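Residue numbers (the working numbering), protein chains in the order written: chain A, 163 to 583; chain B, 163 to 583. For glycine and all other residues, C-beta sits at the position ideal for the given N, C-alpha and C. Because the structure is a prediction, the values reported are computed rather than measured. Comments concern the structure below.
2 protein chains.
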Amino acid sequence: MQYTAELIAVGTELLLGNIANTDAQMLSEGLSTLGINVYYHTVVGDNPQRLKEALEIARRRANIIITTGGLGPTYDDLTKQTICEAFGLPLEFHEDIWEEICAYFMQRMKREDIPEGNKQQAMLPVGCTVLDNPVGTAPGCAFEKDGIHVVMLPGPPFECRYLFENRARAYLEKLTHERIFSHELRVFGMGESQVEHALHEIMVRGTNPTLAPYAKTGECLLRATAKAHTEEEAEAMLRPLIGEVREILGDLIYGEDVGSLEEVVFALLKERGLTFSAAESCTGGLIAKRFTDLPGASAVFQGGVVSYTNAVKEQALGVPHELIEKHGAVSEAVACAMAEGCRRLCGSDVAVSVTGVAGPDRDENGNPVGMVFLGLATEHGTICRQVDLSGGRGRTRSDIRTLAGHHAFDLVRRSLLNTVL
Amino acid sequence: MQYTAELIAVGTELLLGNIANTDAQMLSEGLSTLGINVYYHTVVGDNPQRLKEALEIARRRANIIITTGGLGPTYDDLTKQTICEAFGLPLEFHEDIWEEICAYFMQRMKREDIPEGNKQQAMLPVGCTVLDNPVGTAPGCAFEKDGIHVVMLPGPPFECRYLFENRARAYLEKLTHERIFSHELRVFGMGESQVEHALHEIMVRGTNPTLAPYAKTGECLLRATAKAHTEEEAEAMLRPLIGEVREILGDLIYGEDVGSLEEVVFALLKERGLTFSAAESCTGGLIAKRFTDLPGASAVFQGGVVSYTNAVKEQALGVPHELIEKHGAVSEAVACAMAEGCRRLCGSDVAVSVTGVAGPDRDENGNPVGMVFLGLATEHGTICRQVDLSGGRGRTRSDIRTLAGHHAFDLVRRSLLNTVL
Chain A
163 MQYTAELIAV
173 GTELLLGNIA
183 NTDAQMLSEG
193 LSTLGINVYY
203 HTVVGDNPQR
213 LKEALEIARR
223 RANIIITTGG
233 LGPTYDDLTK
243 QTICEAFGLP
253 LEFHEDIWEE
263 ICAYFMQRMK
273 REDIPEGNKQ
283 QAMLPVGCTV
293 LDNPVGTAPG
303 CAFEKDGIHV
313 VMLPGPPFEC
323 RYLFENRARA
333 YLEKLTHERI
343 FSHELRVFGM
353 GESQVEHALH
363 EIMVRGTNPT
373 LAPYAKTGEC
383 LLRATAKAHT
393 EEEAEAMLRP
403 LIGEVREILG
413 DLIYGEDVGS
423 LEEVVFALLK
433 ERGLTFSAAE
443 SCTGGLIAKR
453 FTDLPGASAV
463 FQGGVVSYTN
473 AVKEQALGVP
483 HELIEKHGAV
493 SEAVACAMAE
503 GCRRLCGSDV
513 AVSVTGVAGP
523 DRDENGNPVG
533 MVFLGLATEH
543 GTICRQVDLS
553 GGRGRTRSDI
563 RTLAGHHAFD
573 LVRRSLLNTV
583 L
Chain B
163 MQYTAELIAV
173 GTELLLGNIA
183 NTDAQMLSEG
193 LSTLGINVYY
203 HTVVGDNPQR
213 LKEALEIARR
223 RANIIITTGG
233 LGPTYDDLTK
243 QTICEAFGLP
253 LEFHEDIWEE
263 ICAYFMQRMK
273 REDIPEGNKQ
283 QAMLPVGCTV
293 LDNPVGTAPG
303 CAFEKDGIHV
313 VMLPGPPFEC
323 RYLFENRARA
333 YLEKLTHERI
343 FSHELRVFGM
353 GESQVEHALH
363 EIMVRGTNPT
373 LAPYAKTGEC
383 LLRATAKAHT
393 EEEAEAMLRP
403 LIGEVREILG
413 DLIYGEDVGS
423 LEEVVFALLK
433 ERGLTFSAAE
443 SCTGGLIAKR
453 FTDLPGASAV
463 FQGGVVSYTN
473 AVKEQALGVP
483 HELIEKHGAV
493 SEAVACAMAE
503 GCRRLCGSDV
513 AVSVTGVAGP
523 DRDENGNPVG
533 MVFLGLATEH
543 GTICRQVDLS
553 GGRGRTRSDI
563 RTLAGHHAFD
573 LVRRSLLNTV
583 L
């Protein structure tokens, strides 16, 4: 049987534009990996009549309805009541859920005066599958009525994601009698359309396994997905596919099932017992910030210098005054001296540096926006790389800084793998 | 006449979860400032039949339909054709738009071989109002048929925002015969619910002018809006309202019609001809990154040090070894010494410092997650402030770093205004 899902987000804050409907994005991505089609998203306010109308429309065109939001303890949280009315199901009180809510309040919120409104959160449709929520107070639930499956999830993105991944996904897998396995490949250094072009034959080849691209800022994510009965069976389909992709893209693929370039660099450095530092001009702290976003970064990261002025380049990093006079701050020579100075100052094994023009204007020496030099200092010496990040229309200062950061981390990665271009 | 708008986003990439529907958020926020109700958002794929069904539903429940996406040059960009069929309007070719598209390609894309598919972008509904697009190739358009106004905007967020603000907004203002004026107040140092509580009487008071809160990470935005015939008339309504709010919140309001705390700090420093630098431990470069996100930051920002290890604190910032031994790295004494050392090293008038525990674990001295010290060094001396950012459930390492950054900028702001707590 082919399943088609429709997403209904409930919340006036979405209609006022206070927040974007990121739950719909997360669920759509998750449902696509389950092989479930999504044809419509609907957003409706905290209004029972309009929610009821949206449900009537959805049940005519989908056999799975997933709602997000409206499960909270306040008077305008009406999703459960409205759905139960629309489907002719009564609500019943769950003593065990109520106890969990009370325990949650006492342990996590350090409160014993549990608001009466929360009792409504322990009311669930008769006979439903409870999707218990250890990361919040509102449990989700799922039921089937007249051939339509309804899944209700809480609205806060963290809770919604948790309940989908850890509760609802299993419910949906049971419906589709399929288990879905996937791996993500991360690509840096080739545009999305070029990646699609290079992999076109593989992408259109079949329906199981499949390969699909997702664009991210300045990089590309490829997801290989297989439907199978066991993980072994899925791996037997996925490994040859991934092998083919690796054959074509080579070291443009910086990782499999990883979150970011900096995560890969962190893992490589940690594995080899090497420490890291960064000297930043145009990225202005972005590289240090991204690296220290990673929990546990202190095991590797020593520190960094944001040398926005020439004086700081000289005084903190020891870049010779004459070098800047002669070549300008945005130059190969200064990038190398910055990396070396940073490595010395921070006492790190590896130091990366960035100096360039992020815009909006040319620098005082007339260098164009997007001109960037990267330096890398290790015990084996210092190398430099120039990149042109000027890009096309619509490329902003922020984009140039983000891309310069990507290139800096990629330079470290390639140096550690001995594949610096 | 009361206008009710429905948003229809067209794009299979939304249903696959590749991107979130941020256009809907932007438009909803804009429409609410125009006094136009939004009751539903719908997302539909690049499928003419399903788009037609969504249009049929929307025209029954709204009198303004705004579509985003599907105006591009490729075969699956079918919004205009489908809408014209649904409303019984033919498309006509606009020679002048075609010339603009050609000129755009030659100037911006440096191409003379304009793809044939782009010709379809110069086809628009007969008699429509053209919303010309200087920031892309797809023009938008608007028309009225049978009492329904239809506005079509391109999907890429930058173009969509530009065309809404600079083209569609005027079209809608003409309908509602109202002009809307608003000011935004930014609040830091009080939670959203406390702000709502403090301003409750003002918020529920009337419908023109109005005051509404919007939550942002760790801060609160208040929007005061008035409907009037002239700007003077609106200002005459808004000034007393804003005066009342300022009376209640005082210097918790850090700015009016500004983007962020760092923007306010930047403006204050620039106005006074002062330079700035930052020494960061737990924020790991975030403060420098945020400050240098601002175009023109180099006029004020000298540089910074990310002193993740004690060795870098000592060597780069000159924090005495004994001080760290005695008080620990997360302490008032070290925060002060970091700020002073940074001010000296970077030669700046003002230096801020942050040292604390961002988590996920306690530091090696057993200090709890969320314990943060901020230092501020100026020619008048050095001060320190301790904040507890441990927060409740769901507060992450990333939240703590963001909040520590907010507090650091707020400390600088208050010191410049002589209102340090």
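query: CB-CB under 7 Å to N295 (chain A), same chain, minus the five flanking residues each way: which ones, in chain order?
result: P301, G302, P316, E321 and L325
query: Three or more beta-carbon pairs under 8 Å between the stretch 365-373 of chain A and the stretch 429-439 of chain A, yes or no?
result: no
query: With a Cβ-Cβ cutoff of 8 Å, do G518 (chain B) and A566 (chain B) count as a contact?
result: yes
message: Looking at chain B, is there any beta carbon in it that lies within less than 8 Å of the beta carbon of N183 (chain A)?
response: yes
- prompt: With C-beta atoms as the reference, is V427 (chain A) less than 8 Å away from V574 (chain A)?
  reply: yes
query: Contact check, D185 (chain B) vs P402 (chain B) under 8 Å by CB: the rounded distance?
result: With 8 Å as the limit, D185 (chain B) and P402 (chain B) do not qualify as a contact, their Cβ atoms being about 35 Å apart.
- prompt: Buried or exposed: where does D455 (chain B) fall if 16 or more other Cβ atoms within 10 Å of its Cβ makes it buried?
  reply: buried
- request: Can you give me the start and stop residues for the beta strand (DSSP E) that C303 (chain A) sits inside?
  value: G302 to K307
- prompt: Between the beta-carbon of L383 (chain B) and the beta-carbon of F343 (chain B), is there less than 8 Å?
  reply: no
task: Report buried or exposed for M268 (chain B), applying the criterion of at least 16 other Cβ atoms within 10 angstroms of its Cβ.
output: exposed
query: Does T454 (chain B) come within less than 8 Å of chain A when only Cβ atoms are used?
result: yes
field: Uninterrupted alpha helix (DSSP H) stretches inside the stretch 386-437 of chain A (no shorter than 4 residues)
entry: 393-411 and 423-433
- prompt: Hey, is A300 (chain B)'s beta-carbon within less than 8 Å of any beta-carbon in chain A?
  reply: no
task: Would you tell me roughly how many angstroms separate the C-alpha atoms of F535 (chain A) and M500 (chain A), rounded to the nearest one?
output: 11 Å
- prompt: Unbroken alpha helix (DSSP H) runs of length 4 or more, entirely within the stretch 308-367 of chain B: which are they?
  reply: 319-325, 331-338, 354-360 and 362-365
query: Residues of chain B with a CB under 8 Å from the CB of S190 (chain A): which are they?
result: L176, L177, L178 and G179
Residues of its chain near D525 (chain B), where Cβ-Cβ distance is below 7 Å and the 5 sequence neighbours each way are ignored: V492 and V519
- request: Counting only runs of 3+ residues fully inside the stretch 175-223 of chain B, write out the beta strand (DSSP E) ranges in chain order.
  value: 199-206
message: Could you tell me the alpha carbon to alpha carbon distance between A330 (chain B) and A570 (chain B), rounded to whole angstroms?
response: 40 Å
message: Tell me which residue opens and which closes the beta strand (DSSP E) that D561 (chain B) is part of.
response: That residue, D561 (chain B), is in no beta strand (DSSP E); its alpha helix (DSSP H) goes R559 to L578.
query: Leaving out five residues before and five after I449 (chain B) in sequence, what residues of the same chain have Cβ atoms less than 6 Å from its Cβ?
result: A440, E442, G567 and A570
message: Could you tell me the alpha carbon to alpha carbon distance between H339 (chain A) and G207 (chain A), rounded to whole angstroms?
response: 34 Å
message: Counting only beta-carbon separations shorter than 8 Å, does C322 (chain A) have a partner in chain B?
response: no
- prompt: Just checking, does the stretch 539-547 of chain B make contact with the stretch 417-425 of chain B on the three C-beta pairs under 8 Å criterion?
  reply: no
field: Those residues which DSSP pairs with F535 (chain B) across a bridge
entry: B:T517 and B:Q548
field: Sequence ranges, alpha helix (DSSP H) only - wholly within the stretch 458-505 of chain A, length at least 4
entry: 472-477 and 483-489
- prompt: With distances taken from CA atoms, which of A:G380, A:G351, A:E175 and A:I198 is nearest G412 (chain A)?
  reply: A:G351
task: May I ask you to list the residues that DSSP assigns as paired with Y376 (chain B)?
output: B:L383
query: Going along chain A, which residues have a C-beta under 7 Å from A220 (chain B)?
result: Correct list: empty, because the minimum Cβ distance to chain A is about 11 Å.
message: Going by DSSP in three states, G279 (chain B) sits in which element: helix, strand or coil?
response: helix
- prompt: Based on Cα-Cα distance, which residue from A:G490, A:N280 and A:L551 lies nearest to G528 (chain A)?
  reply: A:G490
query: When you compare each of B:R367, B:E254 and B:I276 to C264 (chain B) by their alpha carbons, which one comes out closest?
result: B:I276
task: Please list the partners that H203 (chain B) has in chain A, where partner means a Cβ-to-Cβ separation under 9 Å.
output: A171, L176, L177, N183, H203, T204, V205 and V206
query: Going along chain A in order, which residues have a C-beta closer than 7 Å to the C-beta of Y376 (chain B)?
result: N180
- prompt: Does any CB atom of chain B fall closer than 8 Å to the CB of V312 (chain A)?
  reply: no
- prompt: When the cut-off is 8 Å and only beta carbons count, does F463 (chain B) lie next to chain A?
  reply: yes
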